[in-house]
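When we follow our numbering, the leftmost residue of the sequence shown carries the number 1, and every step to the right adds one.
Think of the CB as a built atom: it goes at the ideal place given N, C-alpha and C, for glycine as much as any other residue.
Here the structure is a predicted model, which is why all the values come from computation and not from measurement.
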Amino acid sequence: MTREDWAAAALRALRTGGPSAVRVEALARTLGVSKGSFYWHFADRRALLETAIDSWEAENTEAIIAESERGEGAADKLRRLLTRVVSTFDGTVAPGELMLYLEAGGEGVTASVERVVARRLDYVAGLLVELGQPDAEAQRRAAMAITLTVGIYQLSIGAPGPLARRSLSENAFVDTLYDALTR
């Protein structure tokens with residue numbers, strides 16, 4: 001069993017159940033190995049959890065930002081970003097990210113989660129500044145965008161029906177959110 005195998009299993013657990021689901025014994029059972037092999041690769045559970053959070057950050061923040069950066073200019077980049085994020089509001093979102101926010105303090109990973117949120121806020125605010133928003137206003141609007149998306153993630157998991165019944169088409173929602181952020 002390699003370090004990468006343990007890290008991949010930890011990331012799957014993080015995605016589906018949040019930080020508390022990243023447990024050495026449970027992962028060992030899933031992988032069909034003894035937990036002793038874990039200690040060849042990680043000092044402790046916290047090191048494994050940090051590795052999983054780093055992977056989550058890479059795929060759920062940095063990869064999405066890189067995808068957005070393929071746009072031409074700030075307006076196109078922001079629309080690409082919003083479209084990518086809104087496309088996940090289909091009721092299939094894994095609860096792990098929400099659990100990460102809820103459990104960060106108790107799991108000792110607050111600094112890692114704050115780093116990710118700050119990166120997201122800074123990226124959106126930077127695009128808004130490029131579009132002519134004053135810095136302070138761009139920061140407020142970026143916070144609005146991030147908190148709105150977290151709220152929609154939560155609703156898409158816990159109560160997806162009302163959102164679906166209101167026919168929040170992806171394009172119309174992106175247009176409304178884009179307008180709210182850039183006006």
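So, for residue i: in the same chain, excluding its five sequence neighbours on each side, which residues have a beta-carbon less than 7 Å away from its beta-carbon?
i, result
"L127", "A74, K77, L78"
"D135", "V129"
"H41", "R3, W6"
"Y178", "L78, R79, L82"
"T61", "V116, R119, R120"
"Q154", "L98"
Out of the options, which one is the CA nearest neighbour of residue i?
i, options, result
"R15", "G158, M99, T176", "M99"
"R45", "A172, E72, A9, E62", "A9"
"L121", "P134, A143, E137", "A143"
"R84", "A52, E4, A63, G106", "A63"
"E107", "A28, D5, L49", "L49"
"F173", "T61, T51, L82", "L82"
"E137", "A28, A180, R80, P160", "A180"
"T110", "I53, A13, L27", "I53"
"S68", "T88, A43, V124, T147", "V124"
"V150", "V86, P162, Q133", "V86"
"A13", "Q154, A43, Q133, E97", "E97"
Note down, in chain order, each residue of its chain lying with its Cβ closer than 6 Å to the Cβ of residue i, except the 5 sequence neighbours on either side.
i, result
"T212", "Because the chain here runs from 1 to 183, residue 212 falls outside it and cannot be looked at."
"L27", "A9"
"R141", "L128, L181"
Evaluate residue i with the Cβ neighbour count: other Cβ atoms within 10 Å of its Cβ, from every protein chain shown; 16 or more gives buried, anything less gives exposed.
i, result
"R3", "exposed"
"T51", "buried"
"A118", "exposed"
"E72", "exposed"
"E170", "exposed"
"A145", "buried"
"A43", "exposed"
Going along the chain, which residues of its own chain have a beta-carbon closer than 8 Å to the beta-carbon of residue i, five neighbours each way excluded?
i, result
"P95", "T16, G17, G18, I157"
"L102", "G18"
Checklist entry - For the 8 Å Cβ check, are there 3 or more pairs between the segment 55–67 and the segment 17–30? => result Segments in contact, no.
- Could you tell me whether the segment 29–37 touches the segment 109–117, using the rule of 3 or more Cβ pairs below 8 Å? Remark: fewer than three beta-carbon pairs, one from each stretch, lie closer than 8 Å, so the segment 29–37 and the segment 109–117 are not flagged as touching.
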